[in-house]
Structure formats: C-alpha cells, structure tokens
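Residue numbers (my numbering), protein chains in the order written: chain A, 420 to 533; chain B, 4 to 119. C-beta: ideal position from N, C-alpha, C; glycine also. Have a look at the structure below before the remarks.
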C-alpha cells in the first residue's frame, strides 16, 4: 500500500521569505514519481513540480524546489521569495501502479502575510 | 485549448437520491481518473479509465458508485442511494495516456456534491 503524510496542517510565511513544506511517503515500488500540487480556492489542482525517483538531482521550477531524500522517503517543497499568490492548499502526491494513479497527502494550508 | 471541464459545478441532493456527475476530458486524452476529496482531506482515487474500459476501479467505496465512459471521451460518475457521507468534491483528471512512464494528469475544477 502507498501512503503519503503531510505533518503540517498549516504554515505561514512572510511575503518575500522562504518556506519549506514537509512530506513523507511509503511505497513498495522501486520506480515512482512524486509531485507537489497547489489547490487554490477555485479547487483546480495545479501541478507545481515533479520528481522522478530514479533521479538523484533535486527538481527545480523557478522559485520552487524540492529536497528529495529517497532513503528517508522524504520529499519537501521549498518556496523562495514567497508571493501573495502562493497562498493555497499544497498537496504532496505519489504516482503508483500501472495506471498512473495518484495517492495524495492530507495537505498543508499555506498563508502568505504581506 | 480547453481544459478538463466538470458539470455541474455544485450539486445539492437529498439522502437516498440518485446523482450523475459529468467529466469532459481534454480532447485526445485516453486516460481519465476520478478522485473524491472530502472536506479537509486530500483527494482519494476512485477509478481509472483507459479508453472506454475501467482499467482499475479499486477505489470505488461500494457498489452504489459506478462510472462509465462509453465512447472513450466523456465520463459519468453515478451514485445511487446517496448518503450524507458521500458529500465531497469529486475531481476528474485526464492524461494523454495511462500506463508506465510519466504522464501529467490535468485536473478539472471538480463538482461539489452536498447530500442533505
């Protein structure tokens, strides 16, 4: 069984500062993908960043980067230079199975203070 | 181009009623997924279609839930004898194909179902 755990229900960051959201996971598969999704109040899931498990190099997308620790099964998201538009729910997800299904964590609500 | 669309945006029904939720995937996407997101939680997988067939329905909670995709495009999630516990946001996603390898899932805005 696959599990994804986000231990921070809420996080707060000052505009322009850096924040790190935590995620741990468990899977029996050797080849998998990890994702961070952003869900604003509009409900639509937006892909922020992805990481292939076979790649040792941490993924980076502009202000977003991950710290992927495969042995520890940890996958944290770092948001640099936080902006007001970053405020949303953030979900960590694990892709598994032949069908590419996603298992999501419980989410972290990020608040950005001006 | 158009993204994944879902109708209705909101649905309110009474306990025991039957409801249908519709998903229009991105044109040409062969894989389609349904997820359920209860209040304050992350989405949970329900069912996956590859083309017209349900390739994996292991996430459907019970036999009151059923989904179809008769022509390999639009999908309908059907819930019989609704219960208050069925209240949630139902998300649909599509991807160019399923299977191994990376395929990004594109999500729709969801249907918020409320069972009174």
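(message) Whole angstroms are fine: how far does the CA of residue 530(A) sit from the CA of residue 8(B)?
(response) Reading the second chain from its first residue, position 5 is the one you call residue 8(B). Reading the first chain from its first residue, position 111 is the one you call residue 530(A). Distance between the alpha carbons of residue 8(B) and residue 530(A): 28 Å.
(request) Could you check which residue in 421(A), 460(A) and 491(A) has the C-alpha nearest to that of residue 528(A)? (result) Locating residue 528(A) in the first chain gives position 109, counting from the first residue. For residue 528(A), the nearest C-alpha among the options comes from 460(A).
(message) Using CA atoms only, rank isn't needed, just tell me which of 453(A), 427(A) and 469(A) is closest to residue 480(A).
(response) In the first chain, counting from the first residue as 1, residue 480(A) sits at position 61. Selected option, being the one with the closest Cα: 469(A).
(request) Assuming residue 492(A) contacts residue 445(A) (C-beta within less than 8 Å), just tell me the rounded distance between them. (result) Locating residue 492(A) in the first chain gives position 73, counting from the first residue. Locating residue 445(A) in the first chain gives position 26, counting from the first residue. Going by Cβ atoms, the distance from residue 492(A) to residue 445(A) rounds to 6 Å, so yes, they are a contact pair.
(message) Please state the DSSP three-state secondary structure of residue 111(B).
(response) To locate residue 111(B), count along the second chain from 1; it is residue 108. Correct three-state label for residue 111(B): coil.
(message) If you reduce the DSSP assignment to three classes, tell me which class residue 59(B) lands in.
(response) Here residue 59(B) refers to the residue found at position 56 when the second chain is read from its first residue. In this structure, residue 59(B) counts as strand in the three-state DSSP scheme.
(message) Could you check if residue 428(A) belongs to the surroundings of the ligand GDP, using beta carbon to heavy atom distance under 7 Å?
(response) As far as ligands go, the structure on display features none, and thus does not contain the ligand GDP.
(message) Given this structure, state the Cα-to-Cα distance separating residue 447(A) from residue 517(A), to the nearest angstrom.
(response) Position 28 of the first chain, counting from 1, holds the residue named residue 447(A). Position 98 of the first chain, counting from 1, holds the residue named residue 517(A). C-alpha separation (whole angstroms): 13 Å.
(message) Rounded to the nearest angstrom, what separates residue 69(B) and residue 92(B) at their Cα positions?
(response) Start at 1 with the first residue of the second chain, and residue 69(B) comes out as number 66. Start at 1 with the first residue of the second chain, and residue 92(B) comes out as number 89. If I take the Cα positions, the gap works out to 16 Å.
(message) Would the stretch 43-54 of chain B count as touching the stretch 5-20 of chain B if we require 3 or more Cβ pairs under 8 Å?
(response) no
(message) So that I know if they touch, is there some Cβ in chain A lying closer than 8 Å to that of residue 57(B)?
(response) Looking up residue 57(B) in the second chain gives position 54. No, because no Cβ of chain A sits closer than 8 Å to the Cβ of residue 57(B).
(request) State the Cα-Cα distance for the pair residue 29(B) and residue 437(A), rounded to the nearest angstrom. (result) Your numbering for residue 29(B) matches position 26 in the second chain. Your numbering for residue 437(A) matches position 18 in the first chain. Cα-Cα distance, rounded: 35 Å.
(message) Helix, strand or coil, according to DSSP, for residue 445(A) in the structure here?
(response) On the first chain, residue 445(A) is found 26 positions in, with the first residue counted as 1. The answer is strand: DSSP assigns residue 445(A) an E or B state.
(request) Drop a sphere of 10 angstroms on the beta-carbon of residue 457(A), count the other beta-carbons inside from all chains shown, and report buried for 16 or more, exposed for fewer. (result) Numbered from 1 along the first chain, position 38 holds the residue referred to as residue 457(A). Classification of residue 457(A): buried, given that the 10 Å Cβ count is 16 or more.
(request) Could you check what DSSP says for residue 27(B) in three-state terms: helix, strand or coil? (result) Numbered from 1 along the second chain, position 24 holds the residue referred to as residue 27(B). Three-state DSSP puts residue 27(B) in a strand.
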